[in-house]
Structure formats: structure tokens, C-alpha cells
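Chemist: Sending over a structure as C-alpha cells; questions will come in a sec.
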Amino acid sequence: MEYIAVIGGGIAGMETAAQLKALGLEPVLIERTEALGGHVASWHCLFPDLSPADKLIKDLKSRLEGVEIQLGTEVASLNPLRKGYSLVLSNGKVYPCRAIVFATGFTQFPAERKEEYGYGIYDHVITNHDLEGWFNGNGDSRVPEAPKAIGFVHCVGSRDIKAGNSQCSKVCCITAIKQAIEMKERFPKAEVYCFYMDLRLFGKKYEDFYIRAQRDCNIHFIRGRVSEVAETIDGRVQVKAEDTLSGRPVRVPLDLLVLMAGIVCNPDNKKLSDAVSMPLDDDGFFHSWNNVVDITRSDRPGVFLAGACTGAKTVPEALAEARSAALNVYQYLKGSK
Amino acid sequence: MDFGFRLSPSSAVDLDKVNLALYDRLAELDPGIRTCIGCGSCSATCTSSAYSGMSVRKVLLALQRGRMQDVEKMLSNCMLCGKCTMVCPRGINTRRLILNACRLYDNVEEEV
Ligand SMILES: Cc1cc2nc3c(=O)[nH]c(=O)nc-3n(C[C@H](O)[C@H](O)[C@H](O)COP(=O)(O)OP(=O)(O)OC[C@H]3O[C@@H](n4cnc5c(N)ncnc54)[C@H](O)[C@@H]3O)c2cc1C
Ligand code: SF4
Ligand code: SF4
Ligand code: SF4
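As they're listed, the protein sequences go chains A and B. Here the first sequence stands for residues 6 to 342, where the numbers follow this note's numbering. Here the second sequence stands for residues 1347 to 1458, where the numbers follow this note's numbering.
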């Protein structure tokens, strides 16, 4: 049997595999960890509708019936054949593949690298990722029982040349708004601040979500990038920024500070792209054949791309690309019979 | 004649009449200064800002609006400690910008 390799079992890989199966092809879905779902499996609920993330993952899983799934394994080698590739996994399994879809997603910027924000140093500094875990019921001693003031720092490790990432991570403004609303709902008496440089809310219904944060939740939006964070004598975190709209420095002590750690490339991309002799973009994401016409096609015939492996994506974008990549595979096989 | 009221001069910034000589000269020396996004990290972290009003962000804005007196006043309060350069997310060499501005300031003033 000839397979289509789908590398990465996040939402993009799962949806690609489900669509390929529906098109009558034989996908093999390869996931490095022991579970499917990727990052979304760690989130609590999703912007802009606050729909539960676990339901999405459950629905995607239910559509994978009959799909060959390999968990807890990685690509050991990809060797070109006359038609397609021979895929060897680290668990020893070998699959002859006619086409490959990379869906390896992203990694999050390691917030401890921005030392001035005190992640891993101060007691009450967490990341957006940690907060989703707390929403999901994982205890976290850094989150106080009744915080009076909570702050969100936008653009942590994004739009930051010194941090080695000049790109905007795209999803963190709207994630901050989502998390700020959720915190305000849990702690109605708390003051919630978002420190931003620009608010980038581009998607369907996102601006409504922003208006809700302003009008219904009274979240304070301060236009100024946090330059440093210090711990006060009573163990709170003190944020230093300029309120650029009034042109004055602001200081505010907080009981919890949430860093919106950005989206950076998956370092595995290098090895995988080398294996099929394909270039990467200079930010380490996969290089699309054309960023306007078709982002899910690579320069290499028979190799396709889906989801956040080509750059920051929202869930609906990742899912749409998965469907597009599956159709591309289908057309490619039809054309090369 | 007394109309019983006075017209105040307009506070509008006439972008087409702004004198950009110094800003353009500085950008020639370092095109990076054009990438400022006005985030305020430099001012927030500045050792002198809270007491003196020095702010690289405001200097860059004043340069682009032709407000040379503001530029001069602010620059005279800089201690050249370089903290602002460390935090700028655009990697602008703000300390060098300040030095260049001080160096060029008098020359450009004479020309215009
Ligand atoms: C804090 C945060 C909150 C977010 N909240 C939302 C939201 O509310 N709504 C929304 O629309 N979007 C949200 N997003 C964006 C969302 O997470 C992404 O759109 C989504 O994760 C992209 O899915 P993906 O499958 O492309 O990548 P990923 O989720 O990164 O999945 C990639 C998968 O591939 C696997 N993998 C990686 N390398 C290999 C390899 N070499 N071999 C085998 N497997 C590999 C990984 O283990 C992982 O399972 C959020 C993002 C962040 C950072
Ligand atoms: S989406 Fe917002 S927080 Fe994220 S990098 Fe872009 S501007 Fe910064
Ligand atoms: S170099 Fe000047 S402007 Fe920059 S932080 Fe020091 S005093 Fe402030
Ligand atoms: S830190 Fe850099 S980008 Fe931000 S306002 Fe200052 S000079 Fe501009």
C-alpha cells in the first residue's frame, strides 16, 4: 500500500489526515508525543467564542477512524524513491509514501529568555500557556487566590529584534483579551491591565471581543511596552512602562503578571526540510511556494504544508489550510498517475 | 477693531510645512531610526526621564514634527547611560542617535 505521510498530530495534521481519508487516500499520521491535539490540547477555551478546546479535539479525533496513527515516534529518515519517499520512523516502522504533508506546528518563545520580565525568577509571573493550564484545573501556586490587580504583557519575544524574532505572533493580542475577560469573570473585583504596543485584532468577531473587554469588563488598555518588571518587598510584581498616550511613566504593582509568549518556529523543521532538500524561510518556518496564491504548497513536488508550520495561525486558519493541503495532495496524485 | 473675541493660532501640525532637515540627516546616518514604533520602552527605562522629561520616543517624534526646541531641551537632560538602547525592540542604537543629534544640531540650525 502507498501512504501519504502527515507529520505532526496537532489540529492541522489531524484535519489533513481526516480529509485525506475522506478523499479515499491512505494517510499515516505521525505524532512525536503520546497524544494527538498539539498546542490546542493544552488550551481551555478558544477565542472568539470561548468554545471549549477539548470538544474540538474530541471531534477531530472522532473523524480519524480507520486512519493509521503512530504516536510517540519521529521521522528517522525520509529517502527519495522513484515516485515519492520511503519514510522510516524512530520506532522502526517503514512506510512507502507518495506525498508528504508537514504539519509540525510552532513552539512558544521561551519567556525566561526575556530576563527583565522575571519569568522563573519572581513568584507571580506566568505565561499565557501556564494560564491556560490553570484554567484547565492544573494547580499553579503562582496564581494567587484573590488577586486585586492582574497585568498582561503583549509581544513577549515577538516584534523584538533583540529576542531574535521580528515577526508579530498574530494570536497573542486576541489571546490576551480572551484571558483578560476570563480572569475578570473569575475575579470581578480585580483590576486588569493589558500593556500593548499595537492591538492587532484582525479576525472575524475579534473586534467585538475587544469591545466586550472594554465596555463590559472594564479592562484597562495601556499603550506602552513594559520595559522591566521588579518584585516589591511584599512579593508583588511592579511593572515599569510608559503610558505613551499621556507621555508619562506608569508604575503599577500587580498580584499576577501574564506574559504573552510569542510563536516561533519548530526547530525540527530544519532536519525535515533538509531531508527533502527544501529551503526554510529565514525565520525557520517552512517556505511556501507562494505566500499569496497557495501557502500550503511547497517548492517541492509532492510536499505540502498545513497549519502553524509556515507561521503563526489561528485555529480556523490551521483547519482551512489542512483541507487545502489535502485537496492539493489529491490533485497532485491525480496529475502524476 | 474689537470683535469681543480673539482667534487663537491653529494648533494643527501642517505636515507639508514641517522642517525635517535634522531628522533626515540622522536617518541618513542610521536608517534604523525610521523603524521606531513609539512603544515607550526607552522612556520607561530611562534613568533621567521621570525627573527631566527626557524620552527618546518623544525626541524621535519631535524630530519628525519639526519641534526643534523640544528636541534640544530633552537632549540636554540625557546622561548617555545607554539603558534605552538595551530595551529597544527595534534594535535602534538610541545612544548613538542622541550623540549624532547633538553633533548635528548646531550645523542644521544654521542652515535653516
Ligand atoms: C497561548 C495560545 C492560545 C491560543 N488560543 C487560541 C484560540 O483561542 N483560538 C484560536 O483560533 N487559536 C489559538 N491559538 C493558536 C493555535 O494554538 C494554533 O492555531 C494551533 O495550535 C495550530 O495548530 P497546528 O496543528 O498547526 O500546530 P501545533 O498545535 O503546534 O501542533 C503541531 C503538532 O506536531 C507535533 N510535532 C512537531 N514536530 C514533530 C515532528 N518532528 N514529528 C512528529 N510530530 C511533530 C507536535 O507535537 C504537535 O502535536 C493559541 C495560541 C497560543 C500560543
Ligand atoms: S498579536 Fe499582538 S501581542 Fe502578539 S506579537 Fe502581534 S502585536 Fe504583539
Ligand atoms: S542614554 Fe539618555 S535617553 Fe537613554 S536611558 Fe540613558 S539617560 Fe535616558
Ligand atoms: S524603545 Fe525603540 S521603538 Fe520603542 S519608542 Fe524607543 S526608540 Fe522607538
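No residue lacks a Cβ here, since even glycine has one placed at the ideal position from N, Cα and C. Computed from a prediction, not measured in an experiment: that's the story for all the values here.
What residues from chain A crowd round Gly1412 of chain B, counting only those whose CB sits closer than 9 Å?
Modeler: Numbered from its first residue, the second sequence carries residue 1412 of chain B at position 66. Result: empty, since nearest Cβ-Cβ is about 18 Å, beyond 9 Å.
Chemist: Does Cys1459 of chain B pass the burial test, meaning 16 or more other C-beta atoms within 10 Å, or should it be called exposed?
Modeler: The structure shown does not extend to residue 1459 of chain B, since chain B spans only 1347 to 1458, so no value can be given for it.
Chemist: Once you ignore the five residues that flank Cys50 of chain A on each side, which residues in its own chain have a CB closer than 7 Å to its CB?
Modeler: The sequence position of residue 50 of chain A within the first sequence is 45, counting from 1. Same-chain partners within the cutoff: Ser56, Pro57, Ala58.
Chemist: Pull up the CB-CB distance for Ala1396 of chain B and Pro254 of chain A, whole angstroms please, since I reckon it's below 8 Å.
Modeler: On the second sequence, position 50 is the one that residue 1396 of chain B refers to. On the first sequence, position 249 is the one that residue 254 of chain A refers to. Right, their Cβ atoms sit about 5 Å apart.
Chemist: Is the shortest distance between the beta-carbon of Gly1350 of chain B and the beta-carbons of chain A less than 9 Å?
Modeler: Within the second sequence, numbered from 1, the residue matching residue 1350 of chain B stands at position 4. With 9 Å as the cut-off, Gly1350 of chain B does not count as an interface residue toward chain A.
Chemist: Would a check of beta-carbon distances place Lys1419 of chain B closer than 9 Å to chain A?
Modeler: Here residue 1419 of chain B corresponds to residue number 73 of the second sequence, with the count starting at 1. No, Lys1419 of chain B does not count as interfacial toward chain A.
Chemist: Could you tell me the alpha carbon to alpha carbon distance between Gly110 of chain A and Ala154 of chain A, rounded to whole angstroms?
Modeler: Sequence index remark: in the first sequence, residue 110 of chain A carries index 105 (1-based). Sequence index remark: in the first sequence, residue 154 of chain A carries index 149 (1-based). Cα-Cα distance, rounded: 34 Å.
Chemist: Buried or exposed: Arg87 of chain A, going by 16 or more other Cβ atoms within 10 Å of its Cβ?
Modeler: What you label residue 87 of chain A is simply residue 82 of the first sequence in a count that begins at 1. With a 10 Å radius around the Cβ and a threshold of 16 neighbouring Cβ atoms, Arg87 of chain A comes out exposed.
Chemist: Using a Cβ-Cβ cut-off of 9 Å, state whether Ser232 of chain A counts as contacting chain B.
Modeler: For this step, residue 232 of chain A is matched to residue 227 along the first sequence. True, the Cβ-Cβ gap to chain B drops below 9 Å.
Chemist: Which bits of chain A does Ile1379 of chain B rub up against, with CB to CB less than 9 Å?
Modeler: Locating residue 1379 of chain B in the second sequence gives position 33, counting from the first residue. What Ile1379 of chain B touches in chain A: nothing, since even the nearest Cβ is about 14 Å away.
Chemist: How about Leu262 of chain A and Gly125 of chain A: are their beta carbons less than 9 Å apart?
Modeler: Reading the first sequence from its first residue, position 257 is the one you call residue 262 of chain A. Reading the first sequence from its first residue, position 120 is the one you call residue 125 of chain A. Going by C-beta atoms, Leu262 of chain A is not nearer than 9 Å to Gly125 of chain A.
Chemist: Assuming Ile9 of chain A contacts Val80 of chain A (C-beta within less than 8 Å), just tell me the rounded distance between them.
Modeler: Translated into the one-based positions of the first sequence, residue 9 of chain A becomes position 4. Translated into the one-based positions of the first sequence, residue 80 of chain A becomes position 75. So it is not a contact: roughly 14 Å between Cβ atoms.
Chemist: When DSSP labels each residue in this structure, what does Gln243 of chain A get in the three-state scheme?
Modeler: Reading the first sequence from its first residue, position 238 is the one you call residue 243 of chain A. Strand.
Chemist: Find out if the Cβ-Cβ distance for the pair Leu41 of chain A, Gly71 of chain A is shorter than 9 Å.
Modeler: If you number the first sequence from 1, residue 41 of chain A lands on position 36. If you number the first sequence from 1, residue 71 of chain A lands on position 66. No, they are not a contact pair.
Chemist: What residue range does the beta strand (DSSP E) around Asn84 of chain A cover?
Modeler: The residue you call residue 84 of chain A lines up with position 79 of the first sequence. Where Asn84 of chain A is concerned, the enclosing beta strand (DSSP E) stretches over 80-85.
Chemist: Does chain B have any CB closer than 9 Å to the CB of Ile268 of chain A?
Modeler: Counting from 1 along the first sequence, the entry for residue 268 of chain A is found at position 263. No, Ile268 of chain A does not count as interfacial toward chain B.
Chemist: For Leu1406 of chain B, which residues from the same chain have a beta carbon less than 6 Å from its beta carbon, with the 5 sequence-adjacent residues on both sides left out?
Modeler: Within the second sequence, numbered from 1, the residue matching residue 1406 of chain B stands at position 60. So the qualifying residues of the chain are Cys1382.
Chemist: Strictly by DSSP, which residues pair up with His225 of chain A?
Modeler: Within the first sequence, residue 225 of chain A is the residue found at index 220, counting from 1. Residue pairing for His225 of chain A: DSSP places it in a beta bridge opposite A:Tyr198.
Chemist: Please tell me whether Cys1427 of chain B has its Cβ less than 9 Å away from any Cβ of chain A.
Modeler: Position 81 of the second sequence holds residue 1427 of chain B. By this cut-off, Cys1427 of chain B is not an interface position.
Chemist: Answer with buried or exposed for Lys276 of chain A, where buried requires no fewer than 16 other C-beta atoms within 10 angstroms of its C-beta.
Modeler: Along the first sequence, read from residue 1 onward, the residue named residue 276 of chain A stands at position 271. Exposed, by the Cβ-count rule.
Chemist: Taking 9 Å as the CB-CB limit, is Ile1444 of chain B close to chain A?
Modeler: Mapped onto the second sequence, residue 1444 of chain B falls at position 98. No, no contact with chain A.
Chemist: Could you tell me which of B:Ser1387, B:Asp1348, B:Ala1390, B:Asp1370 sits nearest to Ala1447 of chain B, measuring between CA atoms?
Modeler: As a first step, residue 1447 of chain B is located in the second sequence; it is residue number 101 there, counting from the start. It is B:Asp1370.
Chemist: Cβ of Glu20 of chain A within 9 Å of Cβ of Ala331 of chain A?
Modeler: Locating residue 20 of chain A in the first sequence gives position 15, counting from the first residue. Locating residue 331 of chain A in the first sequence gives position 326, counting from the first residue. For Glu20 of chain A and Ala331 of chain A, yes; Cβs fall inside 9 Å.
Chemist: Thinking C-alpha only, which one of A:Cys314, A:Thr319, A:Met283, A:Tyr127 is nearest Leu83 of chain A?
Modeler: Counted from its first residue, the first sequence places residue 83 of chain A at position 78. Ranking A:Cys314, A:Thr319, A:Met283, A:Tyr127 by Cα distance to Leu83 of chain A puts A:Met283 first.
Chemist: By how many angstroms is the C-alpha of Gln75 of chain A removed from the C-alpha of Val93 of chain A?
Modeler: The residue given as residue 93 of chain A occupies position 88 in the first sequence. The residue given as residue 75 of chain A occupies position 70 in the first sequence. Roughly 12 Å between the two C-alpha positions.
Chemist: Please state the DSSP three-state secondary structure of Gly15 of chain A.
Modeler: For the purposes of this step, residue 15 of chain A is taken as the residue at position 10 of the first sequence. Residue state, collapsed to three classes: strand.
Chemist: Going by beta carbon distance, what residues of the same chain come within less than 6 Å of Leu1445 of chain B, once the five residues before and after it are set aside?
Modeler: What you label residue 1445 of chain B is simply residue 99 of the second sequence in a count that begins at 1. So no residue of the chain qualifies.
Chemist: Label Ile12 of chain A either buried or exposed according to how many other C-beta atoms from any shown protein chain fall within 10 Å of its C-beta, with 16 as the threshold for buried.
Modeler: Taking the first residue of the first sequence as position 1, residue 12 of chain A is located at position 7. It is buried - the Cβ of Ile12 of chain A has at least 16 other Cβ atoms within 10 Å.
Chemist: Rank A:Ser91, A:Ser146, A:Phe107 by C-alpha distance to the C-alpha of Tyr100 of chain A and give the top, closest one.
Modeler: For the purposes of this step, residue 100 of chain A is identified with residue 95 of the first sequence, where counting begins at 1. Considering only alpha carbons, the answer is A:Ser91.
Chemist: Please state whether the Cβ-Cβ distance between Gly316 of chain A and Gly89 of chain A is less than 9 Å.
Modeler: As a first step, residue 316 of chain A must be located in the first sequence, where it is residue number 311. As a first step, residue 89 of chain A must be located in the first sequence, where it is residue number 84. Result no, Cβ atoms of Gly316 of chain A and Gly89 of chain A do not sit closer than 9 Å.
Chemist: Residues in the region 235-262 of chain A with C-beta within 7 Å of chain B's C-beta atoms, listed in sequence order?
Modeler: Listed in sequence order: Lys245, Ala246, Glu247, Thr249, Gly252, Pro254.
Chemist: Using 8 Å as the Cβ pair cut-off and three pairs as the minimum, do the region 1349-1356 of chain B and the region 324-340 of chain A touch?
Modeler: no
Chemist: With a cut-off of 9 Å, does the C-beta of Pro1355 of chain B fall near any C-beta of chain A?
Modeler: Translated into positions along the second sequence, residue 1355 of chain B becomes position 9. Answer no: the Cβ-Cβ gap between Pro1355 of chain B and chain A never drops below 9 Å.
Chemist: Out of curiosity, what's the CA-to-CA distance linking Cys314 of chain A and Ile105 of chain A?
Modeler: Translated into the one-based positions of the first sequence, residue 314 of chain A becomes position 309. Translated into the one-based positions of the first sequence, residue 105 of chain A becomes position 100. Going by the C-alpha atoms only, they are around 14 Å apart.
Chemist: Does the beta carbon of Val1458 of chain B come closer than 9 Å to any beta carbon on chain A?
Modeler: Start at 1 with the first residue of the second sequence, and residue 1458 of chain B comes out as number 112. Unreliable positioning characterises Val1458 of chain B in this predicted model, as indicated by a pLDDT of 48, which lies under 50. A coordinate reading is not provided.
Chemist: List the DSSP bridge partners of Ser91 of chain A.
Modeler: Indexing the first sequence from 1 puts residue 91 of chain A at position 86. Residue pairing of Ser91 of chain A in beta bridges, as defined by DSSP: A:Asn84, A:Pro101.
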